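Adding 10 to a residue's 1-based position in the sequence shown gives its number in this note's numbering.
C-beta atoms are modelled at their ideal positions from N, C-alpha and C, and glycine is treated no differently.
For clarity, every value in this text was computed on a predicted model and none was experimentally measured.
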Amino acid sequence: MEATLTHSEEDLYNKRNRIRIAVSLFFFCQGIAFASWASRIPVIKAHLHLSEGQLGTILLMLPVGQLATMALSGKLVTKYGSASVLRIVPIAYTLVLCSIPFAQNAWQLGGILFLFGVTGNMCNISVNTQGVATEQIFKKSIMTSFHGAWSIAGFTGALVGLLTMNLGLNTFYHFLIILVIVTANTLINQKYLVPGKSPQKEKRSFFSKPEGGLLQLGIIGFFSMATEGAMFDWSGVYFKEIVQAPEKFVVVGYASFMIMMATGRFVGDAVIRKLGRKRTLQYSGLLMFIGMMTSVIFPEFIICTLAFMLVGIGVACNVPSIYSIAGQNKNVPSGVALAMVSSISYLGFLMGPPLIGYIAEVFSLRYSYGIFACFGLLMFIMVGRLSLFKDTSQT
């Protein structure tokens with residue numbers, strides 16, 4: 011450690027491994043809360059007697075809540091610091107989760123999901139800001155491992171949902187267990203978060219035109235998250251209708267994608283340190299393109315399973331990388347920069363799945379995947395032409 015470090019900086023450096031564990035657990039708790047909600051959607055749909063169309067409309071309230079509060083989240087994190095925000099919002103997030111079972115009709119569920127999106131977005135911006143701050147202490151890439159913790163939480167949440175349903179626990183008690191876990195984590199690990207606020211840089215409106223680098227990062231994130239959304243929502247349908255897999259094997263496409271995405275996030279930091287962010291993102295775009303296009307050209311079970319695995323590896327490092335780069339922007343506070351990039355990127359996650367459906371309605375689902383494969387190619391080209399990526403092991 012260099013002698014020029016202040017006492018507080020040296021203290022953070024000495025506790026860096028414990029800080030990393032704490033931040034990882036905050037990522038995990040956010041992931042398990044969201045996955046728990048997702049695992050209970052069929053039960054809630056049946057309880058409220060919702061049609062597919064009604065459910066689809068209501069589910070839009072969650073991303074609407076997220077997008078509506080991007081600016082607010084960025085300002086709160088900048089003003090009070092991500093550590094202070096994280097001492098409150100994870101518990102608020104799971105309290106809203108626990109209120110979902112009390113919805114008596116579609117309107118109430120939609121309102122609660124809007125609040126779920128609001129609190130979830132505040133968690134997202136603050137925990138990613140913590141990830142950036144922790145990465146700066148380590149002075150090397152560790153952001154993808156944090157997102158790996160989120161991915162593992164997705165599997166864990168699904169398993170907890172399956173277990174609670176098999177044990178006959180109703181939705182409220184299931185969510186109450188998650189509230190206890192999240193509250194315990196917050197109380198135990200809040201003291202290990204990186205303290206401090208984002209430095210007050212040039213004042214600007216969140217809704218002003220983003221500076222070029224952030225806009226470009228947002229577009230790259232859009233390509234990646236649109237592909238993720240397409241895989242999350244349509245991989246099972248693709249295996250059923252295009253690959254024509256047996257009913258019991260329809261889930262293989264989704265599972266192969268998710269497993270490789272989670273794996274890619276745990277090995278991604280080592281890859282970034284070796285290749286640099288620029289080349290890692292370029293190769294990721296190529297893998298997205300090759301994987302999706304292979305599934306279009308060769309719609310066979312084994313080939314498509316391997317192809318979806320390539321897509322999973324391809325998207326694994328993209329969002330953690332662009333968040334890390336955005337958070338280190340020298341002209342915009344970390345929280346605001348992350349909110350700007352997230353707002354553009356998340357549009358891909360929001361618009362991707364419906365766009366797949368609209369294209370499939372006019373042409374075919376196979377044609378839709380062919381178009382989305384081009385997002386990976388566009389990402390490869392765009393990253394290659396940008397100068398904002400310093401191709402070093404640290405970035």
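- Burial check for Y333: the Cβ neighbour count within 10 Å reaches 16 or more, so the residue is buried.
- If you check the CB distance, T304 and V262 do not come in under 9 Å.
- Here A272 is buried: its Cβ has 16 or more other Cβ atoms, across all protein chains shown, within 10 Å.
- Residue environment: L172 is assigned as exposed (fewer than 16 neighbouring CB atoms within 10 Å of its CB, all protein chains considered).
- Residue environment: A93 is assigned as buried (16 or more neighbouring CB atoms within 10 Å of its CB, all protein chains considered).
- By the criterion of a C-beta distance shorter than 6 Å, F249 is surrounded in its chain by A255, V260 and G263, once the five residues flanking it on both sides are discounted.
- Shown here, T196 sits in a helix according to DSSP, grouped into three states.
- Going by C-alpha positions, V128 is about 15 Å away from W47.
- For Q114, there is no enclosing alpha helix (DSSP H), as DSSP gives it neither H nor E.
- Counting only residues of its own chain and dropping the five nearest sequence neighbours on each side, V253 has a CB closer than 6 Å to the CB of P309, F311 and C314.
- Taking every protein chain shown into account, the CB of L197 has fewer than 16 other CB atoms within 10 angstroms, so this residue is exposed.
- For V306, the closest C-alpha among the options Q200, S245 and K288 is that of S245.
- The DSSP assignment places no complete beta strand (DSSP E) segment of no fewer than 3 residues inside the region 98-152.
- The alpha-carbon separation between Y356 and S136 amounts to approximately 16 Å.
- Distances from the CA of A336 to each of T139, K284 and I42 were compared; the closest alpha carbon is that of T139.
- As the crow flies, the alpha-carbon of N328 is around 16 Å from that of F242.
- Under the three-state reduction of DSSP output, L70 falls in the coil class, being neither helix nor strand.
- Excluding its 5 nearest sequence neighbours in each direction, N115 has C-beta neighbours in its own chain below 7 Å: L58, listed in chain order.
- With a threshold of 16 other beta carbon atoms within 10 Å, R28 falls short and is exposed.
- Leaving aside the five residues that flank V99 on each side, the residues in its chain whose CB is nearer than 8 Å to its CB run, in chain order, T129, M132, C133 and S136.
- Proximity to A143 across A102, Q118 and T88 peaks at T88, based on C-alpha coordinates.
- Counting the other CB atoms within 10 Å of its CB gives A163 a total of 16 or more, which places it among the buried residues.
- Around the beta carbon of L177, a 10 Å sphere encloses fewer than 16 other beta carbons of the protein chains shown; the residue is thus reported as exposed.
- Burial is judged here by how many other beta carbons sit within 10 angstroms of a residue's own beta carbon; S61 has fewer than 16 and is exposed.
- Boundaries of the alpha helix (DSSP H) around I381: L375 to R395.
- I68 places its beta carbon less than 9 Å from that of L119.
- Under the 10 Å beta carbon count, N24 is surrounded by fewer than 16 other beta carbons and is classified as exposed.
- For the pair W160 and F299, the CB atoms are not nearer than the 9 Å cut-off.
- The three-state reading of DSSP puts P256 in coil, since its state is none of H, G, I, E or B.
- Within the same chain, and ignoring the five residues on either side of M319 in sequence, the residues whose Cβ sits closer than 6 Å to its Cβ are S266 and M270.
- Short of 6 Å from the beta carbon of G380, and not among the five residues preceding or following it, lie these beta carbons of its own chain, in chain order: V306.
- In the assembly as shown, N199 is a buried residue. Its beta-carbon has 16 or more other beta-carbons within 10 Å.
- Inter-segment contact for the region 274-290 and the region 222-236 is absent: fewer than three beta-carbon pairs are separated by less than 8 Å.
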